[in-house]
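Reading through the structure tokens given below for one structure.
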Amino acid sequence: MNKNDAGLSQRSVEEHLIGIRFERDIITAALIDVRGRALAKQQIETPQRTTRSVAQAMTGLILSLAAGEARGQADIAGIGIAVPGLVDPSTGRVTIEGMKGWTRVNLRGLIEEFLNESGHDIRRAAGRSSARAQLKISAHPGIFIESRANCMVAAEGWIGAARGRSNLVCLSIGEDIEAGILVNGRPLRGTSGHAGAIAWLSPAEAWKNDYRDQGCLGAEATGPAITRKAIELWSSNPNTLLGKLIKADATRLDVETILRSARADDALAQAVISDLIGWLGRSLASLIAVLNPEAIILSGAVGLAIKPYLDEIRDEASRWSNPQVDCRITVSSLGEKSVLPGAARLAQQVLDI
136 MNKNDAGLSQ RSVEEHLIGI RFERDIITAA LIDVRGRALA KQQIETPQRT
186 TRSVAQAMTG LILSLAAGEA RGQADIAGIG IAVPGLVDPS TGRVTIEGMK
236 GWTRVNLRGL IEEFLNESGH DIRRAAGRSS ARAQLKISAH PGIFIESRAN
286 CMVAAEGWIG AARGRSNLVC LSIGEDIEAG ILVNGRPLRG TSGHAGAIAW
336 LSPAEAWKND YRDQGCLGAE ATGPAITRKA IELWSSNPNT LLGKLIKADA
386 TRLDVETILR SARADDALAQ AVISDLIGWL GRSLASLIAV LNPEAIILSG
436 AVGLAIKPYL DEIRDEASRW SNPQVDCRIT VSSLGEKSVL PGAARLAQQV
486 LDI
């Protein structure tokens with residue numbers, strides 16, 4: 136067999152990826168095929184002791200998936216990890232605000248250490264390569280770590296609402312707001328990893344003290360901001376059904392109730408949603424002006440819930456946008472399911488698998 140034939144033979148072997156979603160309370164890992172399908176999934180509670188214990192838990196999930204039946208004889212070509220924080224562009228170190236010990240953690244290095252100590256080369260299935268426990272060190276697939284938001288947008292461009300597109304923004308709106316950005320298929324991190332901190336976009340005319348800690352958009356267009364706005368506007372609409380609910384027990388108020396009330400023509404709820412549409416429309420226009428994306432995808436609990444108002448959001452964005460730029464604004468088709476395949480996809484692309 137000549138070298139070219141050997142290369143073709145090697146490339147004909149089926150390849151899978153591993154995607155990991157690291158959250159403050161739960162770590163989820165999945166075996167992902169090259170079409171973005173999850174073949175197997177495992178989940179554990181996030182250890183709270185040390186950063187090493189978290190890395191060790193992730194390694195356990197990786198080894199378990201690599202040894203599972205769903206793998207078959209496929210190679211494990213790469214590992215992608217989504218984190219709820221910053222990834223330093225120059226070092227890959229991870230910082231997670233509000234999580235003890237998670238400042239500039241070399242997560243990749245820790246996982247590589249534990250994989251090496253495992254004594255197994257997980258790149259090849261057990262039937263195709265022998266365990267190397269006697270060597271006390273092993274090879275392992277490449278590992279790529281990225282922010283959760285960038286993993287979400289990668290999945291949308293791979294198998295989701297913007298399939299086949301490579302210049303994208305995914306706006307995740309929930310308890311907070313963040314953006315994942317793809318430029319020519321690669322995640323945009325910025326100088327210090329803060330690209331996509333959309334909470335700090337400032338489409339307001341006047342300063343509020345809330346903006347100092349939350350950012351302008353974070354204070355005006357998240358789940359907590361929507362419920363706060365309803366309470367602020369309550370005095371001018373006290374007799375609507377939503378107004379009466381607030382008067383009876385404001386602690387029961389949530390975004391779902393406000394949206395349901397707005398669709399039932401409740402004047403107070405409609406005023407709140409109209410305000411939200413204004414903030415989002417102006418912000419999307421700013422993103423379009425700066426990034427010139429092919430599409431912007433709305434995701435997160437609030438982003439998915441406001442789908443009935445998508446046309447109004449598009450109209451508001453269009454009012455403020457460059458008329459020469461065409462950008463599709465849509466809602467995620469994957470939702471929270473985007474993170475795991477997105478992490479795997481970025482590992483595949485960035486590691487050039």
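Under the working numbering, think of the first position of the sequence shown as 136, with each following residue one higher. Glycine included, each C-beta is placed from N, C-alpha and C at the ideal position.
*In whole angstroms, what is the alpha-carbon distance linking ILE162 and MET193?*
7 Å
*Report yes or no: do three or more beta-carbon pairs, one from the stretch 242–258 and one from the stretch 446–456, lie closer than 8 Å?*
no
*Looking at the structure shown, is ILE257 part of a helix, part of a strand, or coil, going by DSSP?*
coil
*Determine, using beta carbons only, whether ASN302 and GLU447 come nearer to each other than 8 Å.*
no
_For SER396, report the span of its beta strand (DSSP E) as first-last._
Premise fails: SER396 lies in the alpha helix (DSSP H), 390–398, not in any beta strand (DSSP E).
*Is ILE211 closer than 8 Å to ILE280 when the C-beta atoms are compared?*
no
_Residues that DSSP places opposite LEU306 in a beta bridge_ = ALA314, LEU433
*Near GLY378, what residues of its chain come up, given a Cβ to Cβ distance below 7 Å and the 5 sequence neighbours on each side ignored?*
TRP369, ASN372, LEU403
*Sorted by chain position, which residues of the same chain lie with C-beta nearer than 7 Å to ALA360's C-beta, five sequence neighbours on each side aside?*
ALA354
*Secondary structure of VAL460, DSSP reduced to three states*: coil
*Proximity of VAL222 and ARG156 at Cβ, strictly below 8 Å*: no
*How is ARG159 classed by DSSP in three states: helix, strand or coil?*
coil
*Does the separation of the CB atoms of LEU469 and GLU291 fall below 8 Å?*
yes
_Three-state class that DSSP yields for ASP210 in the structure shown_ = strand
*In terms of residues, what are the limits of the alpha helix (DSSP H) holding GLY195?*
186–202
_Rounded distance between the beta-carbons of PRO224 and GLY299, thought under 8 Å_ = About 27 Å separates the two Cβ atoms, so there is no contact after all.
*asked:* Please list the terminal residues of the continuous beta strand (DSSP E) segment that includes ALA175.
replied: 173–180
*asked:* Below 8 Å on the Cβ atoms is my contact criterion, and I expect GLY171 with TRP293 to pass it. Report the Cβ-Cβ distance as a whole number of Å.
replied: 6 Å
*Buried versus exposed call for GLY233 [16 or more other C-beta atoms within 10 Å across all chains shown]*: exposed
_Three CB pairs or more closer than 8 Å across the stretch 379–389 and the stretch 425–439_ = no
_The beta strand (DSSP E) enclosing LEU281, as first and last residue numbers_ = The residue you asked about is not Leu; residue 281 is Glu in the sequence shown. Run containing GLU281: 277–282, per the beta strand (DSSP E) assignment.
_So, with DSSP's three-state summary, where would you put LEU380?_
helix
*asked:* Is the beta carbon of SER418 closer than 8 Å to that of LEU352?
replied: yes
*Could you give the DSSP three-state label for ARG363: helix, strand or coil?*
helix
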